[in-house]
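Trainee: Below are the structure tokens for one structure; questions will follow.
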Amino acid sequence: MRGLTMDYQLTLPAIARRAESIFGERPVVSRRADGALHRTTWSATLRRARRFASALHRLGVRPGHRVATLCWNHERHLEAYFAVPLLGAVLHTLNLRLHPDELGWIARHAEDRVVMVDASLLPLLETFRERAAFRHVIVVTDGGAAPPGTLDYEALLSSGDEAAEFPEPDERDAAAMCYTSGTTGRSKAVVYSHRALVLHSMATAMPGSFSLGPADVVLAVIPMFHANAWGLPFTAALTGAGLVFPGPHPGPAALLELCHTERVTFSAGVPTVWLGVLEVLDACPGVYDLSALRTIVIGGAAAPEALVRGLEQRHRLHVATSWGMTEIAPVGTLGTLTPEGAALPPAERHALRMKQGLPGAFLEMRVRNERGDVPRDGLTPGELEVRGAYVASAYYGPDEPGDWFTADGWFRTGDIATIDPRGYLEIRDRTKDLIKSGGEWISSVALESALMGHPAVAEAAVVAVPHPRWTERPLAAVVLREGKLVTPEELLASIEGRFPRWWLPDDVLFLPEIPRTSTGKFLKSALRDTYRGHYGGA
Ligand code: ADP
Numbered sequence: 042m043r044g045l046t047m048d049y050q051l052t053l054p055a056i057a058r059r060a061e062s063i064f065g066e067r068p069v070v071s072r073r074a075d076g077a078l079h080r081t082t083w084s085a086t087l088r089r090a091r092r093f094a095s096a097l098h099r100l101g102v103r104p105g106h107r108v109a110t111l112c113w114n115h116e117r118h119l120e121a122y123f124a125v126p127l128l129g130a131v132l133h134t135l136n137l138r139l140h141p142d143e144l145g146w147i148a149r150h151a152e153d154r155v156v157m158v159d160a161s162l163l164p165l166l167e168t169f170r171e172r173a174a175f176r177h178v179i180v181v182t183d184g185g186a187a188p189p190g191t192l193d194y195e196a197l198l199s200s201g202d203e204a205a206e207f208p209e210p211d212e213r214d215a216a217a218m219c220y221t222s223g224t225t226g227r228s229k230a231v232v233y234s235h236r237a238l239v240l241h242s243m244a245t246a247m248p249g250s251f252s253l254g255p256a257d258v259v260l261a262v263i264p265m266f267h268a269n270a271w272g273l274p275f276t277a278a279l280t281g282a283g284l285v286f287p288g289p290h291p292g293p294a295a296l297l298e299l300c301h302t303e304r305v306t307f308s309a310g311v312p313t314v315w316l317g318v319l320e321v322l323d324a325c326p327g328v329y330d331l332s333a334l335r336t337i338v339i340g341g342a343a344a345p346e347a348l349v350r351g352l353e354q355r356h357r358l359h360v361a362t363s364w365g366m367t368e369i370a371p372v373g374t375l376g377t378l379t380p381e382g383a384a385l386p387p388a389e390r391h392a393l394r395m396k397q398g399l400p401g402a403f404l405e406m407r408v409r410n411e412r413g414d415v416p417r418d419g420l421t422p423g424e425l426e427v428r429g430a431y432v433a434s435a436y437y438g439p440d441e442p443g444d445w446f447t448a449d450g451w452f453r454t455g456d457i458a459t460i461d462p463r464g465y466l467e468i469r470d471r472t473k474d475l476i477k478s479g480g481e482w483i484s485s486v487a488l489e490s491a492l493m494g495h496p497a498v499a500e501a502a503v504v505a506v507p508h509p510r511w512t513e514r515p516l517a518a519v520v521l522r523e524g525k526l527v528t529p530e531e532l533l534a535s536i537e538g539r540f541p542r543w544w545l546p547d548d549v550l551f552l553p554e555i556p557r558t559s560t561g562k563f564l565k566s567a568l569r570d571t572y573r574g575h576y577g578g579a
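Take the position in the sequence shown, starting the count at 1, then add 41; the result is the number in my numbering.
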């Protein structure tokens with residue numbers, strides 16, 4: 042027997058209708074480039090999003106077409122978050138921290154037809170525009186003129202029709218895409234369906250997860266080009282939470298000021314952001330009123346113990362840890378306590394909270410080694426695999442190898458983890474040969490091959506070393522050719538320009554040899570262990 046339920050599509054337009062009709066008065070606040078605050082509401086934002094959708098349609102954007110953004114976090118970027126999926130097109134947020142070569146490759150691979158860009162980021166766009174195939178460039182200005190050959194965002198919006206209607210997308214159609222290098226090497230495209238984003242929003246909105254509602258004011262610290270700012274714009278619209286955006290001012294003092302003036306209740310971000318915030322709080326006690334701030338989520342990399350203790354004990358803030366991946370939309374777990382966990386003695390309770398926590402609704406986890414599932418004893422590590430309603434089933438593109446997806450329908454995360462008898466995940470290590478600095482990936486393989494291109498270098502290995510501020514920074518271990526000499530500065534200067542500046546190793550060590558595995562590969566784990574303390578972050 043089939044259920045007699047309407048075939049209601051779980052789409053972003055459905056979320057937009059809910060926010061507009063029920064939570065229209067809730068605030069959307071953005072900091073402009075000049076520091077001023079721009080205040081609007083969900084209903085005004087979504088009306089403008091409808092105008093933008095109609096203007097994009099007039100430009101020839103049709104369902105399935107990709108519309109790129111190259112923007113900071115602000116309300117006009119939020120308008121694109123809804124406008125593009127409203128007309129059935131696909132929102133593609135470009136990561137402004139990537140090298141122009143990578144950005145050009147990504148925009149071409151995604152076949153982006155249109156790009157929306159902040160005026161301040163036009164110089165960056167120019168570095169890769171030739172390599173992409175944009176038909177239109179839409180410029181978001183703060184009052185100045187858009188350059189010739191581009192379209193002014195506000196002028197375009199005023200040509201749009203707020204009442205234009207578009208067919209409801211199918212819930213399995215693509216709504217958004219993000220590129221990640223979080224597995225290995227070259228960026229891979231993750232394509233989110235409407236349904237996946239709606240169910241991810243539902244799962245993160247729930248009590249036990251972010252627990253968001255209309256009384257909340259969410260500070261969107263995670264860049265909107267990074268896994269849709271962890272889905273917070275969609276979750277806020279679904280739940281009626283207000284949204285606050287730092288614009289092009291993501292520094293800790295500016296964030297604290299927004300928490301204070303906007304009575305922010307919830308925020309989430311990578312450890313580097315909160316380390317900066319803690320530093321300012323310690324330096325200026327009592328300056329910021331954070332009494333409304335009920336939860337800070339720290340994720341994207343392991344939360345340092347001293348950070349959690351500092352925020353909680355010195356500043357009476359409540360912290361929750363989280364694990365996630367772009368491939369899972371991206372929030373996977375949250376370190377909240379069940380009543381049984383909360384009843385544990387303080388030391389055990391703290392240890393449980395420092396784990397990455399319990400999976401969200403509609404997400405399942407298993408940990409396996411070469412013999413199959415490992416016991417859920419919190420001790421036996423293996424590779425973490427996940428499946429669920431918002432987990433990627435493949436990477437987009439014809440040439441993507443499928444080896445991250447198992448034959449029985451799980452996604453291999455490349456993270457090494459344990460699961461304890463209560464179901465709490467703990468990330469121990471990763472198999473991915475990458476460095477995560479300040480929440481963004483650096484490819485060790487790309488750095489190694491560039492270093493090995495130097496005539497004085499015989500071998501080079503680049504490893505992630507714990508760092509007190511950036512969580513990890515790259516360290517290069519180099520073996521020189523017989524009779525050759527080069528300084529670390531000369532070596533780094535030789536590869537500069539091919540990578541974003543922040544990719545360059547902080548130090549280069551010259552070694553007589555690089556330790557190897559029995560099969561002759563670099564034994565990077567040995568290097569990581571030996572130099573753990575090199576940057577003072579172990
Ligand atoms: P995001 O940074 O949004 O979580 P990415 O796809 O860029 O997403 O990175 C995902 C990877 O980051 C994970 O596979 C894992 O290696 C690492 N990671 C994320 N959260 C944590 C965490 N809490 N502890 C340790 N590593 C984490």
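Glycine included, C-beta positions come from ideal geometry on N, C-alpha and C.
Hey, could you find the ends of the alpha helix (DSSP H) residue 122 is sitting in?
Mentor: Counting from one through the sequence shown, the residue named residue 122 turns up at place 81. 116-127 is the span of the alpha helix (DSSP H), which, as asked, contains residue 122.
Trainee: Let me check one thing: in DSSP terms, what residues is residue 424 bridge-paired to?
Mentor: Counting from 1 along the sequence shown, the entry for residue 424 is found at position 383. According to DSSP, which records beta bridges pairwise, residue 424 is partnered with 409 and 457.
Trainee: So is the beta-carbon of residue 459 under 7 Å away from any non-hydrogen atom of the ligand ADP?
Mentor: Here residue 459 is taken as the residue at index 418 of the sequence shown, counted from 1. Residue 459 Cβ: outside cutoff for every heavy atom of the ligand ADP.
Trainee: So for residue 220, helix, strand or coil by DSSP?
Mentor: If you number the sequence shown from 1, residue 220 lands on position 179. Three-state DSSP puts residue 220 in a strand.
Trainee: Assuming residue 348 is part of the alpha helix (DSSP H), what are its boundary residues?
Mentor: Counting from 1 along the sequence shown, the entry for residue 348 is found at position 307. First-last of the alpha helix (DSSP H) with residue 348: 346-350.
Trainee: How many Å lie between residue 468 and residue 457 at the Cα?
Mentor: Taking the sequence shown and counting its residues from 1, one reaches residue 468 at position 427. Taking the sequence shown and counting its residues from 1, one reaches residue 457 at position 416. Answer to the nearest angstrom: the Cα atoms are 6 Å apart.
Trainee: Would residue 281 and residue 67 be called neighbours here (beta carbons separated by less than 8 Å)?
Mentor: As a position in the sequence shown, residue 281 is number 240, starting the count at 1. As a position in the sequence shown, residue 67 is number 26, starting the count at 1. Yes, the pair counts as a contact, with Cβ atoms nearer than the cut-off.
Trainee: For residue 129 and residue 444, I'd like the C-alpha separation in whole angstroms.
Mentor: As a position in the sequence shown, residue 129 is number 88, starting the count at 1. As a position in the sequence shown, residue 444 is number 403, starting the count at 1. So the two alpha carbons sit approximately 30 Å from each other.
Trainee: Taking residue 468 as part of the beta strand (DSSP E), name the residues at either end of that continuous run.
Mentor: For the purposes of this step, residue 468 is taken as residue 427 along the sequence shown, with counting starting at 1. From DSSP, the beta strand (DSSP E) with residue 468 extends over 466-471.
Trainee: Tell me whether residue 485 is buried or exposed, calling it buried when 16 or more other Cβ atoms sit within 10 Å of its Cβ.
Mentor: Position 444 of the sequence shown holds residue 485. The residue is buried, with at least 16 neighbouring Cβ atoms inside 10 Å.
Trainee: Give the range of the beta strand (DSSP E) segment to which residue 106 is assigned.
Mentor: By 1-based counting over the sequence shown, the position of residue 106 is 65. Unbroken run through residue 106: none, as it is neither H nor E.
Trainee: Give, in chain order, every unbroken run of the beta strand (DSSP E) that is at least 3 residues long and sits entirely within the segment 473-517.
Mentor: The qualifying runs are 475-478, 481-484 and 498-508.
Trainee: In terms of residues, what are the limits of the alpha helix (DSSP H) holding residue 48?
Mentor: Mapped onto the sequence shown, residue 48 falls at position 7. Element bounds for residue 48: n/a, residue is neither H nor E.
Trainee: Please state whether DSSP places residue 565 in a helix, a strand or coil.
Mentor: As a working mapping, residue 565 is identified with position 524 in the sequence shown. Note: residue 565 maps to helix in three-state DSSP.
Trainee: Closer than 7 Å by C-beta to residue 11: which residues in its own chain qualify, once you throw out the five before and the five after it? Chain order, please.
Mentor: Lying outside 42 to 579, the shown extent of the chain, residue 11 is not represented and no answer is given.
Trainee: Check whether the segment 70-80 touches the segment 100-112, counting contact only when three or more Cβ pairs, one atom from each stretch, lie closer than 8 Å.
Mentor: Contact between the segment 70-80 and the segment 100-112 is absent, because fewer than three Cβ pairs lie under 8 Å.
Trainee: Do you know how far the Cα of residue 538 is from the Cα of residue 139?
Mentor: Against the sequence shown, residue 139 aligns to sequence position 98. Against the sequence shown, residue 538 aligns to sequence position 497. Residue 139 and residue 538: Cα-Cα distance of roughly 12 Å.
Trainee: Sort 362, 441 and 346 by Cα distance to residue 308 and report the nearest one.
Mentor: Numbered from its first residue, the sequence shown carries residue 308 at position 267. Nearest C-alpha to residue 308: 362.
Trainee: Can you pull the DSSP bridge partners for residue 80?
Mentor: The sequence position of residue 80 within the sequence shown is 39, counting from 1. Paired residues: 70.
Trainee: Using beta-carbon positions only, say whether residue 180 and residue 193 come within less than 8 Å of one another.
Mentor: Locating residue 180 in the sequence shown gives position 139, counting from the first residue. Locating residue 193 in the sequence shown gives position 152, counting from the first residue. Their beta carbons are under 8 Å apart, which means residue 180 touches residue 193 by this criterion.
Trainee: State the CB to CB distance for the pair residue 221 and residue 245, rounded to an integer number of angstroms; the pair is presumed to be in contact (CB under 8 Å).
Mentor: For the purposes of this step, residue 221 is taken as the residue at position 180 of the sequence shown. For the purposes of this step, residue 245 is taken as the residue at position 204 of the sequence shown. Not a contact, Cβ separation roughly 19 Å.
Trainee: Is residue 179 helix, strand or coil by DSSP?
Mentor: For this step, residue 179 is matched to residue 138 along the sequence shown. The answer is strand: DSSP assigns residue 179 an E or B state.
Trainee: Around the C-beta of residue 49, are 16 or more other C-beta atoms found within 10 angstroms, so that it is buried, or is it exposed?
Mentor: Here residue 49 refers to the residue found at position 8 when the sequence shown is read from its first residue. The residue in question, residue 49, is exposed, as its Cβ has fewer than 16 Cβ neighbours within 10 Å.
Trainee: Could you tell me whether the Cβ atoms of residue 431 and residue 232 are closer together than 8 Å?
Mentor: Here residue 431 refers to the residue found at position 390 of the sequence shown. Here residue 232 refers to the residue found at position 191 of the sequence shown. No, Cβ-Cβ distance for residue 431 and residue 232 is not below 8 Å.
Trainee: I need the DSSP call for residue 332, collapsed to helix, strand or coil.
Mentor: Here residue 332 corresponds to residue number 291 of the sequence shown, with the count starting at 1. Reduced to three states, the DSSP call for residue 332 is coil.
Trainee: To which residues of the same chain is residue 450 closer than 7 Å at the C-beta, ignoring the five residues directly before and after it?
Mentor: Here residue 450 refers to the residue found at position 409 when the sequence shown is read from its first residue. Excluding residues within five positions, the ones whose Cβ falls inside 7 Å are 428.
Trainee: So the alpha helix (DSSP H) residue 535 belongs to, where does it begin and stop?
Mentor: Residue mapping note: residue 535 aligns to position 494 of the sequence shown, counting from 1. 529-536 is the span of the alpha helix (DSSP H), which, as asked, contains residue 535.
Trainee: Should residue 359 be labelled buried (16 or more other beta-carbon atoms within 10 Å of its own) or exposed?
Mentor: One-based indexing of the sequence shown puts residue 359 at position 318. Label assigned to residue 359: exposed.
Trainee: Would you report the Cα separation of residue 259 and residue 238, rounded to the nearest angstrom?
Mentor: Translated into positions along the sequence shown, residue 259 becomes position 218. Translated into positions along the sequence shown, residue 238 becomes position 197. Rounded to whole angstroms, residue 259 to residue 238 spans 18 Å at the Cα level.
Trainee: Tell me which residues share the same chain as residue 550 and place their Cβ nearer than 6 Å to its Cβ, disregarding the 5 neighbours each side in the sequence.
Mentor: For the purposes of this step, residue 550 is taken as the residue at position 509 of the sequence shown. Contacts found: 518.
Trainee: Is residue 174 helix, strand or coil when you go by DSSP?
Mentor: If you number the sequence shown from 1, residue 174 lands on position 133. In the structure shown, residue 174 sits in coil (DSSP, three-state: anything other than H, G, I, E or B).
Trainee: Does the segment 336-353 come close enough to the segment 280-296 to have 3 or more Cβ pairs within less than 8 Å?
Mentor: Taking 8 Å as the limit for Cβ pairs, the verdict is that the segment 280-296 does not touch the segment 336-353.
Trainee: Any chance the CB of residue 243 is under 7 Å from a heavy atom of the ligand ADP?
Mentor: Your numbering for residue 243 matches position 202 in the sequence shown. Flag unset: Cβ of residue 243 not near the ligand ADP.
Trainee: Beta carbon of residue 206, beta carbon of residue 51: below 8 Å?
Mentor: Taking the sequence shown and counting its residues from 1, one reaches residue 206 at position 165. Taking the sequence shown and counting its residues from 1, one reaches residue 51 at position 10. No, the pair does not count as a contact, with Cβ atoms beyond the cut-off.
Trainee: What separation, rounded to the nearest whole angstrom, lies between the Cα atoms of residue 366 and residue 42?
Mentor: Counting from one through the sequence shown, the residue named residue 366 turns up at place 325. Counting from one through the sequence shown, the residue named residue 42 turns up at place 1. Distance between the alpha carbons of residue 366 and residue 42: 38 Å.
Trainee: Pull up the CB-CB distance for residue 313 and residue 512, whole angstroms please, since I reckon it's below 8 Å.
Mentor: Position 272 of the sequence shown, counted from the first residue, corresponds to residue 313. Position 471 of the sequence shown, counted from the first residue, corresponds to residue 512. So it is a contact: roughly 6 Å between Cβ atoms.
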